[in-house]
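See below for the structure under consideration.
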Amino acid sequence: MPPLHRYPTVDELGVRAAALAARRPRDARLRRVGTSRAGTPLWLLSVGHGSRQALVVAGPHANEPVGGATVLRLAERALGDPRLTEDADATWNLLLCLDPDGLRRNEGWLTGPYTLDRYARHFFRPGFLEQPEWLPDGAAAATLPETRALLALQDELRPFLQCSLHGVDVGGGFAEVTHDLPGLARRVAHSAARLGIPRELGAYDTLYWPALGPAVYRIPPPRRGDLVAAITEAAVESTWSHPRRYGTVTAVVEAPMWGVAAVEDGSPPADRDGALRAVSRTLRHDTRLLRGILARVRPHLAALPEAARLLAPVDDYLLVCPGLADAWDPDTATGDGPGHALPPLSTAHLTALRIAGRRLALRTAGLLHQLVTGAGRDPAGALPELDRLIDAWCADYRDGCVARWIPVARQAEYQTRVVLAAFELAARYAPARSRSGEQGWGSGAAVPMHRE
Numbered sequence: 091m092p093p094l095h096r097y098p099t100v101d102e103l104g105v106r107a108a109a110l111a112a113r114r115p116r117d118a119r120l121r122r123v124g125t126s127r128a129g130t131p132l133w134l135l136s137v138g139h140g141s142r143q144a145l146v147v148a149g150p151h152a153n154e155p156v157g158g159a160t161v162l163r164l165a166e167r168a169l170g171d172p173r174l175t176e177d178a179d180a181t182w183n184l185l186l187c188l189d190p191d192g193l194r195r196n197e198g199w200l201t202g203p204y205t206l207d208r209y210a211r212h213f214f215r216p217g218f219l220e221q222p223e224w225l226p227d228g229a230a231a232a233t234l235p236e237t238r239a240l241l242a243l244q245d246e247l248r249p250f251l252q253c254s255l256h257g258v259d260v261g262g263g264f265a266e267v268t269h270d271l272p273g274l275a276r277r278v279a280h281s282a283a284r285l286g287i288p289r290e291l292g293a294y295d296t297l298y299w300p301a302l303g304p305a306v307y308r309i310p311p312p313r314r315g316d317l318v319a320a321i322t323e324a325a326v327e328s329t330w331s332h333p334r335r336y337g338t339v340t341a342v343v344e345a346p347m348w349g350v351a352a353v354e355d356g357s358p359p360a361d362r363d364g365a366l367r368a369v370s371r372t373l374r375h376d377t378r379l380l381r382g383i384l385a386r387v388r389p390h391l392a393a394l395p396e397a398a399r400l401l402a403p404v405d406d407y408l409l410v411c412p413g414l415a416d417a418w419d420p421d422t423a424t425g426d427g428p429g430h431a432l433p434p435l436s437t438a439h440l441t442a443l444r445i446a447g448r449r450l451a452l453r454t455a456g457l458l459h460q461l462v463t464g465a466g467r468d469p470a471g472a473l474p475e476l477d478r479l480i481d482a483w484c485a486d487y488r489d490g491c492v493a494r495w496i497p498v499a500r501q502a503e504y505q506t507r508v509v510l511a512a513f514e515l516a517a518r519y520a521p522a523r524s525r526s527g528e529q530g531w532g533s534g535a536a537v538p539m540h541r542e
């Protein structure tokens, strides 16, 4: 099967997995493990016959399609290397896409050409309540069929390793793990260097998390909060934490689409507070602009069938932006409430915060653009302003942050290598951890940050 040089669509994932299972029926099986809200099958491709189960989840976020290419690549590796199956007494269980309905909504940019403005104008990611890895009310109260399917799969397999495959639109690669895997940071560094992938040494959604090495962070235990806190909470109750009862090590593997070299700059910043004020000021300014546009267009969207689905993430982003601006601003950030005072920051951290603030604004503008164009008319006259903002903010990524496109094949290879490293290390270290329950987990509270 030829390698993928672009992101696979939902239908292509199913076709390629079925062809692979038909080619190697003794070693690979494809089964339906659930159905999405729109009736799309959730397919699981299993390779090997070992007693130790590894679970890899692709497509948990609709706008992060690299995981689809990665699971197909992992299947080929597992079929071709007995060290990953027979010798390890392991079975690879590869969930092709957790949110296929959301992935379909990204098909306007999914197959290329890959430009920032095309991505921004066709971007879709559902509101936080519709993201299937999140468990706002705990596993027992999960309502999304995609979430229930994943929970049932975790309970069935009791995997020693779970990998959740995510993507960073602009920035660098990094990994988040529920348990320390000694040696993982070195493997990440090696793979990133070989493939020209910048490592994100100050990822904004792990700002307060303990670092286990460069670009590797430990996921804190989840905690409950109200809706506003949950939308911005990095360590909420989730399907990452659900299989802890089985001693599962979960690794979240982030691969960038557009890389930015400065996210790897660990040097002290020349003017920390000045940079933070600039990021916060820009985010507040952009939020005011976008709220004004939303107020103008919302009354004209009642008849649009897709309005509620697109407005949900818009409202989420505009809800969290002011709190994030305050949390990052040295003149307003405090150690009170759900957050903490800012930790020591490097140039990499400041770059990540600048990218994150721009990301929230650009996503909101892109969704508003889709709302207006989908309505078929623009009585509020918002479209020219939205086009101007999207073009300017994409130019800031390209020219100000020097964001460069990373070919899909390299994104998928990087993610594959990190997953394989986690597999080897978890197989070596996980048994002791599974016997020790929660020992070794940090006791510090999680803090408000919007999940990448």
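For the sequence shown, this note's numbering assigns the number 91 to the initial residue and increments by one for each residue that follows. No residue lacks a Cβ here, since even glycine has one placed at the ideal position from N, Cα and C. Everything numeric in this text was worked out from a predicted model, so none of it was measured.
Residues that DSSP places opposite residue i in a beta bridge
| i | result |
| --- | --- |
| Leu135 | Leu120 and Leu184 |
| Leu145 | Asn183 and Gln252 |
| Gly198 | Looking at the DSSP assignment, Gly198 forms no beta bridge with any residue, so it has no partner. |
| Tyr307 | Glu266 and Ala301 |
| Gly349 | Gly261 and Arg494 |
| Glu344 | His256 and Phe264 |
| Trp224 | Ser328 |
DSSP-derived helix/strand/coil call for residue i
| i | result |
| --- | --- |
| Phe513 | helix |
| His256 | strand |
| Tyr336 | helix |
| Gly286 | coil |
| Gly261 | strand |
| Glu102 | helix |
| Glu327 | coil |
| Thr372 | helix |
| Thr237 | helix |
| Thr125 | strand |
| Asp171 | coil |
| Pro272 | coil |
| Arg467 | coil |
| Pro474 | helix |
| Gly217 | coil |
| Asp405 | helix |
| Glu354 | helix |
| Tyr97 | coil |
| Tyr209 | helix |
| Pro433 | coil |
| Glu246 | helix |
| Leu391 | coil |
| Glu528 | The predicted position of Glu528 is uncertain, since its pLDDT is 30 and thus under 50; no value can be drawn from it. |
| Thr441 | helix |
| Tyr487 | helix |
| Leu366 | helix |
| Ala232 | coil |
| Glu166 | helix |
Residue of the options minimising C-alpha distance to residue i
| i | options | result |
| --- | --- | --- |
| Ser328 | Arg371, Pro226 and Glu396 | Pro226 |
| Gly337 | Glu290, Trp224, Ala517 and Leu373 | Ala517 |
| Gly341 | Pro216, Leu452, Ser331 and Gly349 | In the sequence as displayed, the identity of residue 341 is Ala instead of Gly. Ranking Pro216, Leu452, Ser331 and Gly349 by Cα distance to Ala341 puts Ser331 first. |
| Gly364 | His95, Asp419, Ala397 and Trp133 | Asp419 |
| Val156 | Ile496, Leu174, Tyr519 and Ala511 | Ile496 |
| Arg449 | Leu162, Ala493 and Val462 | Ala493 |
| Asp421 | His459, Tyr97 and Arg371 | Arg371 |
| Arg194 | Ala112, Thr237 and Gly149 | Gly149 |
| Arg289 | Leu479, Ala442 and Arg114 | Ala442 |
| Gly140 | Leu110, Thr181, Arg378 and Leu206 | Thr181 |
| Arg127 | Tyr97, Asp191, Arg334 and Arg248 | Asp191 |
| Gly104 | His95, Thr463, Arg444 and Thr130 | Thr130 |
| Gly466 | Leu452, Ala499, Leu391 and Pro433 | Leu391 |
| Leu206 | Cys253, Val260, Glu220 and Thr237 | Val260 |
| Arg124 | Leu186, Gly228 and Leu132 | Rather than Arg, the amino acid found at residue 124 in this sequence is Gly. It is Leu132 whose Cα lies nearest to the Cα of Gly124. |
| Ala455 | Arg444, Ile480, Leu285 and Gly464 | Ile480 |
| Ala511 | Ala431, Asp101, Val278 and Ala393 | Val278 |
| Pro346 | Val326, Ala265, Tyr298 and Pro310 | Ala265 |
| Leu408 | Asp376, Leu435, Arg488 and Pro433 | Asp376 |
| Pro235 | Gln221, Leu247, Arg248 and Asp245 | Gln221 |
| Ser254 | Pro216, Pro469 and Asn183 | Asn183 |
| Ile287 | Val509, Glu503 and Glu514 | Glu503 |
| Ala118 | Thr99, Asp486, Leu169 and Arg96 | Leu169 |
| Ala112 | Leu94, Gly356, Val137 and Arg96 | Val137 |
| Leu452 | Ala470, Ser357, Asp486 and Ser436 | Asp486 |
| Thr269 | Leu302, Leu247 and Leu241 | Reading the sequence as shown, one finds His at residue 269 and not Thr. Closest option to His269, Cα to Cα, is Leu302. |
| Leu373 | Asp416, Val343, Pro433 and Phe214 | Asp416 |
Presumed contact (8 Å Cβ cut-off) between residue i and residue j, rounded CB distance
| i | j | result |
| --- | --- | --- |
| Leu384 | Val410 | With 8 Å as the limit, Leu384 and Val410 do not qualify as a contact, their Cβ atoms being about 15 Å apart. |
| Ala239 | Asp189 | Ala239 to Asp189, Cβ: 11 Å. No contact. |
| Val369 | Gly447 | 5 Å |
| Ala438 | Ala351 | Not really, about 10 Å apart at Cβ, beyond 8 Å. |
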